[in-house]
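Note sheet for the following structure.
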Amino acid sequence: MKKLTVIISIVLLIMMLAGCGSPDNRQTAGVPRRIVSMSLDSDEILMGLVPPDRIAALSSLADSPVSYIRSEAALVPGRIQNNTLEEILSFHPDLVILSGWESEDFRKTLNDMGIRVYSYRSASKLNQVPGVIRGIAEAVGDINAGEAMISLYNQQLDKIRVQALNGPRGRTVYVWAFSHPYGSGDSFFGDMCRFLDIQNTLNGMDEKELSSANREFLILSNPDRILISDFIMSPEKISSMKLYFLQDPSLAGLNAVKSNGLIPLSPRVLYCPSQYAPEGLQELYQSVYDRPISLSAQ
Numbered sequence: 001m002k003k004l005t006v007i008i009s010i011v012l013l014i015m016m017l018a019g020c021g022s023p024d025n026r027q028t029a030g031v032p033r034r035i036v037s038m039s040l041d042s043d044e045i046l047m048g049l050v051p052p053d054r055i056a057a058l059s060s061l062a063d064s065p066v067s068y069i070r071s072e073a074a075l076v077p078g079r080i081q082n083n084t085l086e087e088i089l090s091f092h093p094d095l096v097i098l099s100g101w102e103s104e105d106f107r108k109t110l111n112d113m114g115i116r117v118y119s120y121r122s123a124s125k126l127n128q129v130p131g132v133i134r135g136i137a138e139a140v141g142d143i144n145a146g147e148a149m150i151s152l153y154n155q156q157l158d159k160i161r162v163q164a165l166n167g168p169r170g171r172t173v174y175v176w177a178f179s180h181p182y183g184s185g186d187s188f189f190g191d192m193c194r195f196l197d198i199q200n201t202l203n204g205m206d207e208k209e210l211s212s213a214n215r216e217f218l219i220l221s222n223p224d225r226i227l228i229s230d231f232i233m234s235p236e237k238i239s240s241m242k243l244y245f246l247q248d249p250s251l252a253g254l255n256a257v258k259s260n261g262l263i264p265l266s267p268r269v270l271y272c273p274s275q276y277a278p279e280g281l282q283e284l285y286q287s288v289y290d291r292p293i294s295l296s297a298q
């Protein structure tokens, strides 16, 4: 409690100094115009709901290879790099969107300073995305834009589902991302695989069990495709990841190795619990089946 009091005192001092000589442009009511987003999925949703001039800062991941809004994010100069109170307050926000990892003290401190906070849980399944969009849309005062985004999202999912059901199905995949197995059954990526009827070899595992998906597991599961991904997807990096599997004699009999089925996958596909999930599904299906899916199909 003493530590929290000290932090509050420091933050209040920073706010006083930053506000000297200029009016306080924060709002405690009405439509927020200096919004701070703390997570990539809220970055993506927010950029689709409000104009950039209403956003004070996005998360640092908005510019990263895992983002679907790298180009658009350049219109918002502010970035949250360290997730500290001092950093957030430097943007003079009137709304801070939190993704649920923050402590209650963190949220309460912002509220005590008159800053509105909206806290949500990131979607872990495709059918949870509309609820996340709706909550953020209500928080920023753009309900109609949120409903339009949800409508388009659901239409795109329906189109993808029809095409996936009428196309090739049932291939098994193993995902090697960021130098370890990725995509447990309870992850958002795991739900994407189920939606496309792709058999994820890690489906029966939770995140804590992924470390056991070793070489022996890979040989036993014998996937049709090994999807490889990393933050940097240069030709050199892709070649290095492929060699990791191709140079191991014990893996020479894998279906994925024999059929040239080591497939690069964009890192943004691995975690996209936002309105961009349909694009992630599109890319995933193309990678596994080498067959396109159209988001504009009738």
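Numbering (the numbering used here), first residue to last: 1 to 298.
For every residue, glycine included, the Cβ atom is placed at its ideal position computed from N, Cα and C.
Task: Nearest residue (CA-CA) to GLU138, options ASN127, PRO168, ALA277, ILE97 - done: ILE97
- [ ] Count the other CB atoms, across all protein chains shown, that sit within 10 Å of the CB of PHE91; report buried if there are 16 or more and exposed otherwise.
- [x] buried
Open item on the list: Can you check which of these residues, MET47, LEU270, LEU75, SER229, is closest to LEU262 by C-alpha distance?
Closed with: SER229
Open item on the list: Using the three-state DSSP reduction, which class does ILE35 fall into: helix, strand or coil?
Closed with: strand
- [ ] Run the CB neighbour count on ARG169, radius 10 Å, all protein chains shown included, and call it buried at 16 or more, exposed below.
- [x] exposed
Task: At least three beta-carbon pairs within less than 8 Å, the segment 201-217 to the segment 267-277 - done: no
Task: Segments assigned beta strand (DSSP E), at least 3 residues, entirely inside the segment 253-286 - done: 262-264
Open item on the list: Is it buried or exposed, THR201, if we count other Cβ atoms within 10 angstroms and call 16 or more buried?
Closed with: buried
TODO: Would you list the one or two residues that DSSP bridges to TYR302?
DONE: Any question about residue 302 goes unanswered here, given that the chain covers just 1 to 298.
Open item on the list: Between which two residues does the alpha helix (DSSP H) holding SER42 run?
Closed with: 40-49
Open item on the list: Spatial neighbours of PHE189 within its chain, please: C-beta separation below 6 Å, excluding the five flanking residues on both sides.
Closed with: GLY183, LEU270
Task: Per-residue DSSP class, three states only, for SER90 - done: coil
- [ ] Could you tell me which uninterrupted alpha helix (DSSP H) segments, each at least 4 residues in length, are contained entirely in the segment 190-237, listed from first to last along the chain?
- [x] 215-221
Task: ASP63 vs ARG33 beta-carbon contact at 9 Å - done: no
Open item on the list: Under DSSP, the beta strand (DSSP E) around ALA56 begins and ends at which residues?
Closed with: 55-59
TODO: Please classify ILE219: is it buried, with 16 or more other beta-carbons within 10 angstroms of its beta-carbon, or exposed?
DONE: exposed
Open item on the list: Under 8 Å: do the segment 150-166 and the segment 73-87 share three or more Cβ pairs, one atom per stretch?
Closed with: no
Open item on the list: With a threshold of 9 Å between beta carbons, is SER90 in contact with chain B?
Closed with: Included in the structure is just one protein chain, with no chain B present.
Task: Cutoff 8 Å; reference GLY146; Cβ partners in own chain excluding five residues on either side - done: LEU49, ILE133, ARG134, ILE136, ALA137, GLU138
Task: Cα-Cα separation between GLN286 and LEU265, rounded to whole angstroms - done: 10 Å
- [ ] Please classify ASP290: is it buried, with 16 or more other beta-carbons within 10 angstroms of its beta-carbon, or exposed?
- [x] exposed
Task: ARG70, DSSP secondary structure in three states - done: coil
Open item on the list: When you compare the CB positions of PRO65 and MET241, do they come within less than 9 Å of one another, or not?
Closed with: no
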